[in-house]
């Protein structure tokens, strides 16, 4: 009878240890990434636009609305991009950039009446390299050099833009 009690006690202890180890492992398992719900920012104003360089001889102007910059709890850097051609035409978009995966996404496009239109093609897309590509420039030289998250928050992002890229030191 003692052997049976001993057997059940040992089995119970073994089960408890297994459950404890399993719950410990589950706490440290990598959780699947989930994007937070995105709120569109206010439409950009000229006074808040911060220029950045794309290529040495680019006639096009590239600017980011400093007030729209944010780094979400999901690790996505979000910003409003304003692109002005040499003829004066403007394209405005609200975008996201993931340093961890080298991806970008469009959330919305700006209209001439200063409202947003939701992007139809709004999937995450790999950032591909090419000459004078502003997404590559933002990823490589401003926000995510060497593929590591460089900016921790909106203030860091604004500082990097104003200083001209990765040569800026964030403390």
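Numbering (mature numbering (1 follows the signal peptide of the UniProt record, and there is no 0)), first residue to last: -21 to -1, 1 to 150. Beta carbons are placed, not taken as given, at the ideal position from N, Cα and C, and that holds for glycine.
- Counting only runs of at least 3 residues, the stretch 29 to 95 fully encloses the following beta strand (DSSP E) elements, listed from N- to C-terminal order: 40 to 50, 55 to 63, 69 to 77 and 82 to 89.
- Counting C-beta atoms within 10 angstroms of its own C-beta, residue 75 has 16 or more neighbours from the protein chains shown and is therefore classed as buried.
- As a beta-bridge residue in DSSP terms, residue 104 pairs with 83.
- Leaving aside the five residues that flank residue 89 on each side, the residues in its chain whose CB is nearer than 6 Å to its CB run, in chain order, 71.
- Scanning its chain for C-beta atoms nearer than 8 Å, with the 5 sequence neighbours on each side dropped, one finds around residue 104 the residues 82, 83 and 84, in chain order.
- Annotation for residue 102: 84 place their beta carbon closer than 8 Å to its own, counting only its chain and skipping 5 residues before and after.
- Here the stretch 45 to 65 makes contact with the stretch 16 to 32; the two share three or more CB pairs at distances below 8 Å.
- Apart from sequence neighbours up to five positions away, the residues of its chain that approach residue 63 with a beta-carbon distance below 6 Å are 40 and 69, ordered along the chain.
- Contact between residue 137 and residue 29 holds: CB atoms are separated by about 7 Å, below the 8 Å threshold.
- Distance check between residue 15 and each of 31, 87 and 55 places 55 closest, using alpha-carbon atoms only.
- Counting the other Cβ atoms within 10 Å of the Cβ of residue 77 gives 16 or more, which makes it buried.
- Per the coordinates, the alpha-carbon of residue 125 lies some 23 Å from the alpha-carbon of residue 9.
- As DSSP reads the structure, residue 10 sits in no beta bridge.
- Rounded to whole angstroms, residue 12 and residue 38 show a C-alpha spacing of 38 Å.
- In chain order, 38 place their CB closer than 6 Å to the CB of residue 65, counting only its own chain and leaving out the 5 sequence neighbours on each side.
- Within the same chain, Cβ atoms closer than 7 Å to the Cβ of residue 141 are found at 29, the five residues on either side in sequence being excluded.
- Distances from the CA of residue 132 to each of 114, 93, 52 and 106 were compared; the closest alpha carbon is that of 52.
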